[in-house]
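Quick notes on the structure that follows.
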Ligand SMILES: C[S@@+](CC[C@H](N)C(=O)[O-])C[C@H]1O[C@@H](n2cnc3c(N)ncnc32)[C@H](O)[C@@H]1O
């Protein structure tokens with residue numbers, strides 16, 4: 001009974017935070033929603049489908065880097081490392097790396113989406129018997145989800161951050177996030193991080209407007225989530241997915257465009273939408289190798305080396321905490 005009560009209270013607390021962020025994001029002149037809310041259970045499954053789609057080259061090309069350079073990456077990480085993965089999702093990428101490491105201490109995945117994380121924990125424990133896994137459900141930008149690391153002594157900690165998730169943060173926010181990572185590491189500890197390279201807008205825009213319309217469903221699911229969890233009355237047919245490359249800001253922006261002026265009720269608040277205005281739902285920043293190295297340097301890391309796919313579209317950087 002006590003456990004049931006506390007999980008109900010936990011859900012209420014999370015919903016309060018979600019409601020606060022939604023009302024704050026939609027209450028301003030330029031409407032925005034934090035991209036972390038794209039990942040409820042449905043959104044996380046849709047993201048898996050995006051990763052499998054032929055237009056979304058990022059996952060495929062990143063997987064090529066891991067397949068080609070796995071031994072070198074494992075060697076660089078070294079023995080007895082504790083691997084920490086913020087935004088682990090289905091933890092698919094880490095399995096081969098954990099298997100290639102020399103006597104890893106264990107794995108500490110963090111994700112905001114509990115269902116996908118707990119499925120993945122089960123899969124890893126089955127696939128790699130004896131591997132210690134400490135899953136943390138929560139927001140990796142908050143210091144609290146890193147606190148339990150203190151109970152896991154290890155020779156070396158390595159933050160594993162693939163999937164170009166760092167690209168979802170504005171450069172200044174990315175710097176703060178990397179500083180948070182560094183604050184949980186000791187000098188010489190590692191960071192393995194994936195970034196998508198700046199490239200032509202046609203390739204980029206195709207990746208975020210896939211021909212099977214999965215990204216469109218992923219984007220619109222955010223409104224459906226607000227309807228289900230916060231009792232809002234968004235009519236999804238009045239919004240359209242739009243993703244485009246902003247070359248000055250070197251990022252793909254994802255928006256939901258309002259197709260007809262109308263109002264939406266969320267809790268006791270009415271939000272007015274005007275035809276043509278958008279809700280900005282996600283950014284995916286692209287980096288040059290030099291640009292990302294300089295971000296690493298500003299955030300408490302020393303860039304050590306990097307690996308690329310054969311087509312040179314994507315980079316895995318290895319850096320060490322200073
Ligand atoms: C772009 S996906 C990458 C997933 C996986 N790491 C990969 O490389 O395919 C982002 C992941 O981070 C999680 N996520 C996004 N923002 C988060 C946050 N602030 N805190 C915790 N998890 C977050 C999402 O649930 C999702 O699983």
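Numbering (my numbering), first residue to last: 1 to 322.
The C-beta atom is built at its ideal place from N, Cα and C for all residues, glycine as well.
- Using a cutoff of 7 Å, the CB of residue 143 does not count as near ligand 1, since none of the ligand's heavy atoms is closer than that.
- A distance below 8 Å separates the beta carbons of residue 56 and residue 210.
- Taking a cut-off of 8 Å on C-beta distances, the region 278 to 288 does not touch the region 304 to 311, as fewer than three cross pairs fall below it.
- Rounded to the nearest whole angstrom, the CA to CA distance from residue 121 to residue 164 is 22 Å.
- Looking at the DSSP output, residue 111 sits in a beta bridge with 137.
- The residues 59, in chain order, have a CB closer than 6 Å to that of residue 51 in the same chain once the five nearest residues on each side in sequence are set aside.
- Here DSSP, grouped into helix, strand and coil, assigns residue 277 to coil.
- DSSP places residue 89 in no beta strand (DSSP E); its state is neither H nor E.
- With a beta-carbon spacing of about 5 Å, residue 219 and residue 241 fall inside the 8 Å limit used to define contacts.
- Separation of residue 77 and residue 46 (C-alpha to C-alpha, rounded to the nearest whole angstrom) is 32 Å.
- Contact annotation: the region 252 to 265 does not touch the region 129 to 140, with fewer than three C-beta pairs closer than 8 Å.
- Every alpha helix (DSSP H) stretch that sits fully inside the region 167 to 196 and reaches 4 residues is listed by chain position as 171 to 183.
- For residue 319, the enclosing beta strand (DSSP E) has its first and last residue at 314 to 321.
- One thing to note: residue 22 has its Cβ within 8 Å of the Cβ of residue 266.
- Contact between residue 86 and residue 159 holds, since their C-beta atoms are separated by about 7 Å, short of 8 Å.
- Taking a cut-off of 8 Å for Cβ pairs, the region 200 to 209 and the region 228 to 247 touch, as three or more such pairs fall below it.
- In this structure, the C-beta of residue 281 stays at least 7 Å away from each heavy atom of ligand 1.
- Ligand 1 approaches residue 111 closely enough that one of its heavy atoms is under 7 Å from the residue's Cβ.
- Per DSSP, residue 265 lies in no alpha helix (DSSP H); the unbroken beta strand (DSSP E) holding it starts and ends at 262 to 266.
- Residues 226, 264, 265, 266 of the same chain have their beta carbon placed closer than 7 Å to that of residue 232, with the five preceding and five following residues left out of the count.
- Where residue 157 is concerned, the enclosing beta strand (DSSP E) starts and stops at 156 to 161.
- With a cut-off of 7 Å, the C-beta of residue 139 is classified as near ligand 1, since at least one heavy atom of the ligand falls inside that distance.
- With a threshold of 7 Å, the Cβ atom of residue 114 does not count as near ligand 1, since no heavy atom of the ligand is closer than that.
- Annotation: the region 222 to 264 contains the following complete segments of the beta strand (DSSP E) (minimum length 3 residues), in chain order: 239 to 246, 251 to 258.
- Taking 7 Å as the cut-off, one finds at least one heavy atom of ligand 1 near enough to the beta carbon of residue 47.
- Here residue 64 is actually not in contact with residue 235; their C-beta atoms are around 42 Å apart, not less than 8 Å.
- Within the DSSP secondary-structure output, residue 83 pairs in a beta bridge with 107, 158.
- Residues of the same chain with a CB within less than 7 Å of the CB of residue 195, apart from the 5 flanking positions on each side, are 164, 166, 167, 287, 292, 315, 317 in chain order.
- Nearest C-alpha to residue 239 among 229, 255, 247: 255.
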